[in-house]
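Everything on this sheet refers to the single structure shown next.
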Amino acid sequence: MSGNEVIEAGKLLCQTASTPEEKKIAAAFRRVFYGTIVLVVLLAVTLLAVMFLNNPFLASGDKRYGTVQSDGTIRYVQNVNKYASAEELGLSGFELKKGDKIIIFFDKDDNIKAAYPRDFYESYTENRVMIIVWTALLGLTVLLIYAFVICRVTPFGRPWYLYCREKKSLGQPRLSKAQNAVIWAVSVIAALAICAPQIMKISDEIRRLQEINDFSAKIKAVQKAAEKAGEITDNLNSAAENLAENSALEDAKSAADKINEIKNNLKNTQSR
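Residue numbers (our numbering): 642 to 913.
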């Protein structure tokens, strides 16, 4: 039977229930039926709130790219090259540097509507999409838990579930292997989606720690190189001092030889 036929059977049971057991089953059907409607509405409202309130849409329309110049102005093309200051584009709250790309949106009259740094715009859009997807998967997970746990296992809807199992025309006693595989696959994907933000944060922290370790290693290598250079400099200075001392000794020896030669000449002269 289709879903509409199952609902019609439940409504009929609510109208014709006479025994305590039938009334119990009918009450469970009403809880499941109206609980499903309320849950779906709440999840839809939550998703819409996340989409439009938590992270509102940025401006849209015809967009062009501008570039930050060395003097802080933004150059963009609107038939010809034009220049505008960050204040004129509403970018005074952003830290801009030369070469940064700016996304500029224009309305139907070709007037500037809004402008955003490209990095900010892309990051904002990516985060917004991730939040919407995460919320949708979380809602799907809640629906699965409601359908396969609350409505089947707990007293909230189990009497109606057991009643459907007894009626071959209203449902199968057990899910097929394909259905179980789909449910498990969706559950795993939803769990990964829920944990994805934390996993991404942990990955970012690990990457930052790795960058810090690499930077520390580079600093240590530079320090070792500086120490080695200092040792080499000390050795060169010592060698230079030794050379200077040796040169002074050679000069003194040469002077002594010269004095001895002069003395010898004087003696020879006196003997004649």
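Quick reminder that beta carbons are idealized off the backbone N, C-alpha and C, glycines included.
Just so we're clear, the structure is a prediction, and the values are computed from it rather than from any experiment.
The three-state reading of DSSP puts F789 in helix, counting H, G and I together. An exposed status is given to A685, since fewer than 16 other beta-carbon atoms sit within 10 Å of its beta-carbon.
If you check the CB distance, F735 and F761 come in under 8 Å.
In the DSSP assignment, P800 falls within the alpha helix (DSSP H) that extends over R799 to E807. G798 places its beta carbon less than 8 Å from that of I791.
Secondary structure at Q656: helix, using DSSP grouped into helix, strand and coil. Non-local beta-carbon contacts of A725 in its own chain, meaning distances under 6 Å to residues more than five positions away in sequence, involve I715 in chain order. DSSP, read as helix, strand or coil, puts G731 in coil. The C-beta separation of W775 from I666 comes to about 37 Å, leaving the pair out of contact by the 8 Å criterion.
Only buried fits V709, as 16 or more other CB atoms lie within 10 angstroms of its CB. In the three-state scheme derived from DSSP, where H, G and I count as helix and E and B as strand, N752 is classed as coil.
For F746, the enclosing beta strand (DSSP E) begins and ends at K742 to F747. Between S828 and T795, the C-beta spacing is not below 8 Å.
Secondary structure note for K664: its alpha helix (DSSP H) is the uninterrupted segment P661 to A690. Between L653 and E663, the CB-CB gap reaches or exceeds 8 Å.
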